[in-house]
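So the structure is just underneath, and the comments pick up after that.
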Amino acid sequence: MERHTHKRWLVVSLLMALSASASAAEFGTSPPPSANFDVSPLQNDQSYSGFIITYKDGSTERSNAAMAVQNVGVAVSRAKLSAGTLAAPRALTVRYERRLATGADLVHTDRALSASEAATLIRQIAADPAVSFVEPEYLLKRVDGIRPQGAATFTVPNDQYYAGYQWDYLAPSGASFFDNTLNANVANWGAANIQQAWTLADGTGVTIASLDTGVTNHPDLNLSLANAGYDFITSASVSGRSTNGRVSGGWDTGDWTTANQCGSGQPAEASSWHGTHVFGTAGGEITNNSTGMVGTAFNAQVVPVRVLGHCGGSNADIADAITWASGGSVSGVPANAHPAKVLSLSLGGSGTCPSSSVLGKAITGAIGRGASVVVAAGNSNANAANFSPASCAGAVVVAATGVTSTRAYYSNYGSIVTLAAPGGGVYKNDASSGTQATTGFIWSTINAGTTTPTTATYGGMAGTSQATPHVAGVVALMQSYRLSLGKTLLTPAKVTQLLKSSATVPHVTPSGSKPIGSGIVNAYAAVQAAGSQP
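Printed below as a string of structure tokens:
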């Protein structure tokens, strides 16, 4: 396993995508109402070349890509943007990329724009009366936090790792749990009561979609749907393939980066194998097999959907993946033969999520198809309302706690957080610094390769990324129990309600100014509540 001492916070870079409409005379001279566009994801240290435009129903541009590109060109002219060199300037050109599953159009400019230039162009596009909404295309990142310093890795997995490392599956009773790093017992108030939930359900009959970096081969993972998954990354520079375009299979080929690849001053990073870690926690890890560790809904089917690669993943690609994973149609991609009723998204970026945005629409669509969408609150110790997709309406937003039940010091918070789950507190007694502890991390499957996959192993990570698949797995247990009782599946709204009403009140009272929802997920209570519904 790779050992990193730095923190991976929620960050965002942008690609951008647009389309606009109408003639020059039809554009307004002043910025349109704020509801028509969103510039919140724009970051001053990033550049943008893509824009996503949603046209109003009935407009010519809604069905005419050529007209859309033409009118974006008009907006470029009004924004006084050019390309070429100082000695030989030329007009900035626009090319049409594709229609997204939400009905929005993605366009790219032939030159990357600064954040201020992009904001100007977005406002000019939004001034077109035919435009319903405009936003940049941008990269979201995996939301993992910290890895242990000097922690052991395991090359020969066996069941003893559950007893010695997976404190998060026990009951939140305060009973002592032996910490291998501290060589001492610690009181376990922050666990999710998953082990007891297995007396009622194991995930049978439910499919979870894990939208992440993909998954690697591992002897302790159920990879029966790995080839049925899909790689939604369109850009070759992000996917690592030689050409642009999407491919079948949800495999992680690595997300390593070189220095400055993801922005000036960004250090080189080894591949994270983030998707393999969360895949195992949600339910992909084979359980009761005398090998390795355990997964939450271990008899559920987990389909990996690759949306994150080198430097992250585009909001346009992620929106299409959300639609596909939940059973919706995406142009150019075969229908999903295994539509999921639970989507797990341990990813995010700065910016809000208006209902008209591409992510907002994709999540609303998935919920409409009966899928619960579980997302990470983020690792910036900030209000989750300022991050996406955490701020998307209808999402189950998950904060992170540690073994003491305290909010992890890195975890985002706020009124939009639904509930918390074990994400790891990193340090002894969930402090914000000091001695790292075994119980400070969530342990799951991983890979030892620094770039491409090599040896399958196990390792610890901490973050709201790790909290999220716990909740996704619990949702699968809830729905599985319903199926075993011969009952219909719960609606996403009812799932959210029951998760909140059955949550455990933290032993350590959260700060009133930094709330983490209704409490810590209690798998047994949530599954019981699901079964009691008519």
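All letters in the sequence shown, in the order written, are residues -24 to -1, 1 to 510 by mature numbering (1 follows the signal peptide of the UniProt record, and there is no 0).
We put the beta carbon where it would ideally sit given N, CA and C, even for glycine.
Here the structure is a predicted model, which is why all the values come from computation and not from measurement.
Who are the near neighbours of R54 in its chain, counting only those whose CB is closer than 6 angstroms to its CB and skipping five residues on each side?
Q100
Give me whichever residues DSSP pairs with E245 in a beta bridge.
T233
Taking three-plus beta-carbon pairs below 8 angstroms as touching, is the segment 105 to 118 in contact with the segment 416 to 423?
no
Can T328 and S367 be called in contact, C-beta distance under 8 angstroms?
yes
Within a Cβ cutoff of 7 angstroms, which residues of the same chain sit near A204, ignoring the five residues on either side of it in sequence?
V279, A313, H314
For R75, which beta-bridge partners are listed by DSSP?
D81
Length at least 3, wholly inside the segment 263 to 300: the beta strand (DSSP E) runs in chain order
277 to 282
Just curious, the alpha helix (DSSP H) that I492 is in, first and last residue?
No alpha helix (DSSP H) contains I492, which DSSP labels as neither H nor E.
Output the distance between the C-alpha atoms of S494 and A479, rounded to the nearest integer angstrom.
A direct Cα-to-Cα measurement between S494 and A479 gives close to 6 angstroms.
Can we say the segment 395 to 415 touches the segment 318 to 335, given the rule of at least three CB pairs closer than 8 angstroms?
No: fewer than three Cβ pairs fall under 8 angstroms.
Check S240 in the structure and name its three-state DSSP category.
Coil at S240, not helix or strand.
Please indicate yes or no: does the CB of A316 lie closer than 7 angstroms to some heavy atom of the ligand ZN?
In terms of ligand content, the structure shown is empty, and the ligand ZN therefore cannot be addressed.
Which partner residues of A163 appear in the DSSP bridge assignment?
S152
From L68, T78, A95, A311, residue whose alpha carbon lies closest to that of H84
The shortest Cα separation from H84 among L68, T78, A95, A311 belongs to L68.
With a threshold of 7 angstroms on Cβ separation, who are the neighbours of I418 within its own chain once the five nearest residues in sequence on each side are excluded?
D144, T257, P398, G399, G400, G436, M437, A438, Q442
Could you please give me the residues that DSSP links to W143 through a beta bridge?
Beta-bridge pairing links W143 to no other residue.
Of the residues W165, L57, P445, N498, which one's Cα is nearest the Cα of G259?
P445
Could you work out which residue in L474, D14, A41, L475 is closest to L97 when comparing CA atoms only?
D14
When we look at the beta-carbon of K56 and count the other beta-carbons within 10 Å, is it buried (16 or more) or exposed?
exposed
Between the C-alpha atoms of N12 and A102, what's the straight-line distance to the nearest angstrom?
6 angstroms
My output table needs one value for A505: the three-state DSSP class, helix, strand or coil.
helix
Y500 - DSSP class collapsed to helix/strand/coil:
helix
What residues in its chain sit with their C-beta under 6 angstroms from that of H(-19), if we drop five residues either side in the sequence?
Caution is warranted here: a pLDDT of 30 is assigned to H(-19), below 50, making its placement in the model unreliable, and no coordinate value can be reported.
Between which two residues does the beta strand (DSSP E) containing residue 544 stretch?
The structure shown does not extend to residue 544, since the chain is modelled only from -24 to 510, so the question has no answer here.
Quick one: what does DSSP say T415 is sitting in, helix, strand or coil?
helix
Simplified DSSP state of F255, which is helix, strand or coil
helix
I need the DSSP call for A438, collapsed to helix, strand or coil.
strand
DSSP state of A452, grouped into three classes?
helix
Which residues DSSP lists as bridging R383, in chain order:
T377
Compare the C-alpha of A413 against each of S348, R123, N220 and name the closest.
R123
Residues in the same chain with beta-carbon distance under 7 angstroms from L82, minus the five sequence neighbours each way, listed in chain order, please.
A(-8), G26, I28, E73, R74, L76, E113, A292
DSSP three-state label for P112, please.
strand
Excluding the 5 residues preceding and the 5 following residue 536 in the sequence, name in chain order all residues of the same chain whose CB lies nearer than 7 angstroms to its CB.
The chain is shown from -24 up to 510; residue 536 falls before or after that span and cannot be answered.
Between T426, N362, S224, which lies nearest to L18 when the distance is taken from Cα to Cα?
Nearest C-alpha to L18: N362.
Candidates R66, G226, G60, D155: closest to T252 by CA position
G226
From the DSSP output, in three-state form, read off L475 for me.
helix
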